[in-house]
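Residue numbers (my numbering): 1 to 203.
Using N, Cα and C, we set each Cβ at its ideal position, and we do this for glycine too.
Structure, rendered in structure tokens:
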């Protein structure tokens, strides 16, 4: 098993990888930004930031031999004298007040030919304040739970009203039932009245 979680092998040999990162570093120092695949950009970021750290240490040293030693260490990695001179003599002043994070990667989307994810890696400027990630407009769990609780409370009175209406309906039926016998009692009484009148006439 290859335990290489924190390193991008880039699908090439060790020597090829070192040469590739050296060339990309020289281009980044010279031009300030380069466009490459996102995997190569992620591999380049820790590599170039170590070179910048060596340049900062060299600028802080007072003895000439210490400065030369750090410059040679950086030269062994980057392999471009012009790029190293530019970084150690000029660009190092841009990173004096920055304790780390000298580069920034922007995603550019897939490439047309092979759909490889492309990215832009650049040096962060000295006066760059940075940027904040936009907040996602998500609803918190507490806010989601509140409307659900309110809906449950509203449903409960509706159920109580429905049961009350069901209970009142039989009561109304019970009240209407006694009226039928009363009407029946009135009917015989009405029949008895004409009968009494007939008897009086006969008499």
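Asked                                                                                                                                                           : Found
What are the start and end residues of each continuous alpha helix (DSSP H) run of 4 or more residues lying completely inside the region 47–93, in chain order? : 64–78, 81–89
Return the CA-CA distance between residue 106 and residue 142, expressed in angstroms with no decimal places.                                                   : 35 Å
Rounded to a whole number of angstroms, what is the C-alpha to C-alpha distance between residue 230 and residue 56?                                             : An answer regarding residue 230 cannot be provided, because it is not within the stretch 1 to 203 covered by the chain.
As a quick exercise: from 145, 47, 74, pick the residue whose alpha carbon is nearest that of residue 54.                                                       : 74
Could you pull the start and end residues of the beta strand (DSSP E) that residue 122 belongs to?                                                              : 117–123
Which stretch, first to last residue, makes up the beta strand (DSSP E) that contains residue 108?                                                              : 103–110
From residue 17 to residue 34, what does the alpha carbon distance come to, in whole angstroms?                                                                 : 17 Å
Does the pairing of the region 100–120 with the region 79–88 give three or more beta-carbon distances under 8 Å?                                                : no
Specify, as a first and last residue, the run of the alpha helix (DSSP H) that residue 36 falls within.                                                         : Element bounds for residue 36: not the alpha helix (DSSP H) but the beta strand (DSSP E), 33–37.
Considering only residues of the same chain and omitting the five flanking positions on each side of residue 77, which have a CB-CB separation below 7 Å?       : 22, 51
Quick test of your reading: residue 27 and residue 48, contact by CB under 8 Å. State the CB separation rounded to the nearest angstrom.                        : Contact doesn't hold; Cβ gap of about 10 Å is too wide.
Out of curiosity, what's the CA-to-CA distance linking residue 90 and residue 11?                                                                               : 35 Å
According to the Cβ coordinates, are residue 220 and residue 58 closer than 8 Å?                                                                                : Shown here, the chain extends from 1 to 203; a query on residue 220 therefore has no answer.
Do the CB positions of residue 37 and residue 117 come within less than 8 Å of each other?                                                                      : yes
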